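Engineer: Numbering (the UniProt record's numbering), first residue to last: 1 to 186. Think of the CB as a built atom: it goes at the ideal place given N, C-alpha and C, for glycine as much as any other residue. Please read all numbers here as calculations on a predicted model, not as lab measurements.
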Amino acid sequence: ATMKAEDITSADYIIATHNHSDHIDDIPLIAKNTGATVVAIVETAEYLASKGCERTIGCNIGGTVKLNALELIFTQAFHSMSSNPSGVIIFYKNKTIYHAGDTGIFGDMKLIGEMYPIDLAFLPVGGHFTMGIKEAQKAIHLLNAKKIIPIHYNTFDLIAQEVDGSLVKESSSELLILAPGQEITF
Numbered sequence: 001a002t003m004k005a006e007d008i009t010s011a012d013y014i015i016a017t018h019n020h021s022d023h024i025d026d027i028p029l030i031a032k033n034t035g036a037t038v039v040a041i042v043e044t045a046e047y048l049a050s051k052g053c054e055r056t057i058g059c060n061i062g063g064t065v066k067l068n069a070l071e072l073i074f075t076q077a078f079h080s081m082s083s084n085p086s087g088v089i090i091f092y093k094n095k096t097i098y099h100a101g102d103t104g105i106f107g108d109m110k111l112i113g114e115m116y117p118i119d120l121a122f123l124p125v126g127g128h129f130t131m132g133i134k135e136a137q138k139a140i141h142l143l144n145a146k147k148i149i150p151i152h153y154n155t156f157d158l159i160a161q162e163v164d165g166s167l168v169k170e171s172s173s174e175l176l177i178l179a180p181g182q183e184i185t186f
């Protein structure tokens, strides 16, 4: 990552998909520095509250959380952890964003794509701990998202992957490969 947790000074919400340390260890500091509300599955929200997060909202898979201009629906994900892992669908300004969380492929990705036409999907592709390239290619077909951003790869050797246009082969999805720290507006 090109940004350190202590450098983040502005955030309204922090959404946690699961409670593995590489995903949540910095959340209490970011929440303290920004006053952000943390939204996560109930057990993860409770854990983060015990670590000093003053504003948390616990929810569950299938539940809808309304936060001013945002609406969130938490989805299933398949990953190891002590509480339920999740993905999240984010509705904001007539756009639908799907963050799959850390997950393997699962058949209900097709249902997610049918129920909530996705403008932008974040999909893990690193393999080993999440789905890899082959599985992500199938997930892209199931979701039928307009744009795909691959995540959770090349941050250490076990999840090193060559990610290129072949990821979206035979699909109508546009691939956006971001460099660390790169921002997009869509």
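1) At 4 residues or longer, what runs of the alpha helix (DSSP H) sit wholly inside the UniProt domain "Metallo-beta-lactamase" (7–152)?
2) Give a yes or no on whether the C-beta atoms belonging to His-33 and Ile-8 are separated by under 8 Å.
3) By Cβ distance, which residues of its chain are closer than 7 Å to residue 189, with the 5 residues on each side in sequence left out?
4) On a Cα-Cα basis, can you pick out the residue from Lys-169, Ile-27, Ile-184 and Lys-147 that is closest to Tyr-98?
5) In the structure shown, what three-state DSSP assignment does Leu-158 receive?
6) Determine the closest residue to Leu-123 out of Met-115, Phe-106 and Lys-95, with distance taken between C-alpha atoms.
7) Whole angstroms is fine: what's the gap from Phe-186's alpha carbon to Glu-43's?
8) Between the Cα of Ser-86 and the Cα atoms of Ile-73, Cys-53 and Asn-94, which residue gives the shortest distance?
9) Report the option in Lys-138, Gly-165, Gly-126 and Ser-172 whose CA atom is closest to the CA atom of Tyr-153.
Structural biologist: The relevant details are as follows:
1) With a minimum length of 4 residues, the continuous alpha helix (DSSP H) runs that stay inside the UniProt domain "Metallo-beta-lactamase" (7–152) are 21–24, 27–34, 42–50, 109–115 and 133–143.
2) Looking up residue 33 in the sequence shown gives position 33. Looking up residue 8 in the sequence shown gives position 8. According to the sequence displayed, residue 33 carries Asn and not His. Yes, the Cβ-Cβ distance between Asn-33 and Ile-8 is below 8 Å.
3) What the structure shows of the chain is the stretch from 1 to 186, and residue 189 is not part of that stretch, so it cannot be assessed.
4) Taking the first residue of the sequence shown as 1, we reach residue 98 at position 98. That would be Lys-147, whose Cα lies nearest to the Cα of Tyr-98.
5) Here residue 158 refers to the residue found at position 158 of the sequence shown. Taken through DSSP and simplified to helix, strand or coil, Leu-158 comes out as helix.
6) Translated into positions along the sequence shown, residue 123 becomes position 123. Taking only the C-alpha atoms, the option nearest Leu-123 is Phe-106.
7) Within the sequence shown, numbered from 1, the residue matching residue 186 stands at position 186. Within the sequence shown, numbered from 1, the residue matching residue 43 stands at position 43. Computed Cα separation, rounded: 33 Å.
8) Translated into positions along the sequence shown, residue 86 becomes position 86. It is Ile-73.
9) Here residue 153 is taken as the residue at index 153 of the sequence shown, counted from 1. Per the Cα distances, Gly-126.
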